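Heads up, the thing below is written out as structure tokens.
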Amino acid sequence: MKQFFLASLLGSTIALCTSAMAADDLKTLEAAAKAEGAVNSVGMPDDWANWKGTWEDLAKKYGLKHIDTDMSSAQEIAKFAAEKDNASADIGDVGAAFGPIAVKQGVVQPYKPTTWAQIPDWAKDKDGNWALAYTGTIAFIINKKLLHGSEAPTKWADLKTGKYKVSIGDVSTAAQAANGVLAAALANGGDEKNIQPALLLFADIAKQGRLSMANPTIATMEKGEIEVGVVWDFNGLSYKAKMANPDDYTVLIPSDGSVISGYTTIINKYAKNPNAAKLTREYIFSDAGQINLAKGNARPIRAEHLTLPAEVKAKLLPNEQYKKVTPIKDADAWEKTSKALPQKWQEEVIINMP
């Protein structure tokens, strides 16, 4: 019993020392970031995932000035590599697949926020070079007024027998569309190497004349061109909120399975304000930073460890809808498959359109 008590006491002392050290480290980081006085981002505009709230908080709390230049994930990494000794960007936000690419190219530096242990292993780099701050899961957005007498689909299998058109977008250019194909494959027994089950599903929909070529966006939804769209959950929720009659729309995760991915910050190896960039990541993973993302309809990576304000929680889909979602397990295989997807889509799906 004494041994147990001693071990317990020792464990508590170590934990206290560690948290005290972390607090001291954080104070040092805050002071260094304040001295730098600015953080410049790429691909983190005000209207995406409510980054605006984060920049406003960092300005209020630490006096950090901020500017953003919006660009794609590939452009962000190229910018980090090209500018080196004259870096104009300190931090960027890229799709999950681009985190490992940035590491391979040697353009990032690590920082593990104090909430690191609450980030699932699949969603972070063990060395702290990247970690998903918020997730995207492939969902359906359904216009209940345009189902032509069919029931609203709740799973991929339902798409085979509906009378509505299905819009997935351009699989050759949109990561959302490509991940939609992967989600359908996973739900039907496929994986990153085998998307055949999804190609068969969409070929069947195409043969019935129900595959729409419209890209699911706010503009096409407003025109009534989207009956059932395949989108990231955060896009679906944002689109629904902006519609004239949001109650006409349902957003849900297909119950027979989906793919979960997300976005990660990357800190520029050559950043002129590296401490401000690290403090930005620290804040993004704090409760307040995670709630900011949720206000922008993005599901925070620490969702299960947060108590979200009721009005923010109401903007997101309930946690139970995410029970059958699967992260990408073989990133290299998916990279190869997604490159081959556009040609396969033409040869095995589009060819079946009437």
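In terms of mature numbering (1 follows the signal peptide of the UniProt record, and there is no 0), the sequence shown is residues -22 to -1, 1 to 332. No residue lacks a Cβ here, since even glycine has one placed at the ideal position from N, Cα and C. This structure is a prediction, so every number in the text was calculated from the model and none was measured.
According to DSSP, is Thr32 part of a helix, a strand, or is it coil? The three-state reading of DSSP puts Thr32 in helix, counting H, G and I together.
Determine, using beta carbons only, whether Ile183 and Val144 come nearer to each other than 8 Å. Yes. Within cutoff.
Tell me the rounded alpha-carbon separation between Tyr241 and Glu170. Computed Cα separation, rounded: 19 Å.
List the whole-angstrom C-beta distance separating Gly202 from Thr32, where the pair is believed to meet the contact cut-off of C-beta under 8 Å. For Gly202 against Thr32, the beta-carbon gap comes to about 35 Å, at or over 8 Å, which does not count as contact.
Select from Gly147, Ala60, Arg277 and Gln299 the residue whose C-alpha is nearest the C-alpha of Ile196. A check of alpha carbon separations from Ile196 across Gly147, Ala60, Arg277 and Gln299 identifies Gly147 as the nearest.
Classify Ala109 as helix, strand or coil using the three-state DSSP reduction. DSSP places Ala109 in strand when its eight states are reduced to three.
Any chance the stretch 60 to 77 sits against the stretch 227 to 234, with 3 or more Cβ pairs inside 8 Å? Flag = no, the stretch 60 to 77 and the stretch 227 to 234 do not touch.
Can you tell me whether DSSP reads Ile120 as helix, strand or coil? The answer is strand: DSSP assigns Ile120 an E or B state.
What's the C-alpha gap between Val303 and Ala13? Val303 and Ala13: Cα-Cα distance of roughly 43 Å.
Can you tell me where the beta strand (DSSP E) with Val81 in it begins and where it stops? Where Val81 is concerned, there is no enclosing beta strand (DSSP E), although the alpha helix (DSSP H) around it starts and stops at Phe76 to Lys82.
Residues bridged to Ser190 by DSSP? Residue pairing by DSSP places Ser190 opposite Ser145 in a beta bridge.
Would you call the CB atoms of Trp134 and Ala165 closer than 8 Å? Here Trp134 is near Ala165, since their CB atoms are less than 8 Å apart.
Residue closest to Glu61, alpha-carbon to alpha-carbon, out of Pro23, Ala249 and Gln154: Distance from the Cα of Glu61 is smallest, within the candidate group Pro23, Ala249 and Gln154, for Ala249.
What residues are listed by DSSP as bridge partners for Gly240? Paired residue(s): Thr113.
Using the beta-carbon count (16 or more within 10 Å), is Asp99 buried or exposed? Looking at its Cβ environment, which holds fewer than 16 other Cβ atoms inside 10 Å, Asp99 is exposed.
Among the candidates Thr115, Glu8 and Asp24, whose CA atom is the shortest distance from the CA of Lys301? Comparing Cα positions, the closest option is Thr115.
Considering only residues of the same chain and omitting the five flanking positions on each side of Glu282, which have a CB-CB separation below 7 Å? Asn297, listed in sequence order.
His44, buried or exposed, once every other Cβ within 10 Å from all chains shown has been counted against 16: By the beta-carbon neighbour count (other beta carbons within 10 angstroms, threshold 16), His44 is buried.
So the candidates are Lys102, Thr258, Gly207 and Glu313; which of them puts its Cα closest to the Cα of Asn172? Cα-wise, what sits closest to Asn172 is Glu313.
Coarse secondary structure for Gly140, derived from DSSP in three states: Three-state result, Gly140: coil.
Do the CB positions of Pro131 and Val206 come within less than 8 Å of each other? Their beta carbons are under 8 Å apart, which means Pro131 touches Val206 by this criterion.
Run the CB neighbour count on Thr113, radius 10 Å, all protein chains shown included, and call it buried at 16 or more, exposed below. Buried, since its Cβ has 16 or more Cβ neighbours within 10 Å.
If you follow the alpha helix (DSSP H) that Ala59 is in, where does it begin and where does it stop? Run containing Ala59: Ser51 to Glu61, per the alpha helix (DSSP H) assignment.
Buried or exposed: Ala288, going by 16 or more other Cβ atoms within 10 Å of its Cβ? Exposed, by the Cβ-count rule.
Find the nearest neighbour of Ala74 within the set Ala153, Glu34, Val149 and Gly84, judged by alpha-carbon distance. Considering only alpha carbons, the answer is Ala153.
Taking just the CA atoms, how far does Ala181 sit from Cys(-6)? For Cys(-6), the predicted model reports a pLDDT of 35, less than 50, meaning its position is unreliable; a value from the coordinates is still stated below. Near 60 Å, if we compare the C-alpha coordinates of Ala181 and Cys(-6).
By the three-class DSSP mapping on this structure, what secondary structure does Pro131 have? In the structure shown, Pro131 sits in coil (DSSP, three-state: anything other than H, G, I, E or B).
Between which two residues does the beta strand (DSSP E) carrying Asn18 extend? It spans Ala16 to Val20 - the beta strand (DSSP E) in which Asn18 sits, taken as one unbroken run.
Please report how far the alpha carbon of Asn251 lies from the alpha carbon of Gln53, in whole angstroms. Their Cα atoms are separated by approximately 20 Å.
Go ahead and pull the three-state DSSP assignment for Trp26. In the structure shown, Trp26 sits in coil (DSSP, three-state: anything other than H, G, I, E or B).
Through-space distance from Phe118 to Ala80, alpha-carbon basis: The C-alpha of Ala80 lies about 31 Å from the C-alpha of Phe118.
As assigned by DSSP and simplified to three states, the class of Gly158: Collapsing the DSSP output to three states places Gly158 in a helix.
Just verifying my parser: in three-state terms, what is the DSSP assignment at Val327? Secondary structure of Val327 (DSSP, three-state): coil.
When you compare only the Cα positions, how much space is there between Glu260 and Lys273? Distance between the alpha carbons of Glu260 and Lys273 is about 18 Å.
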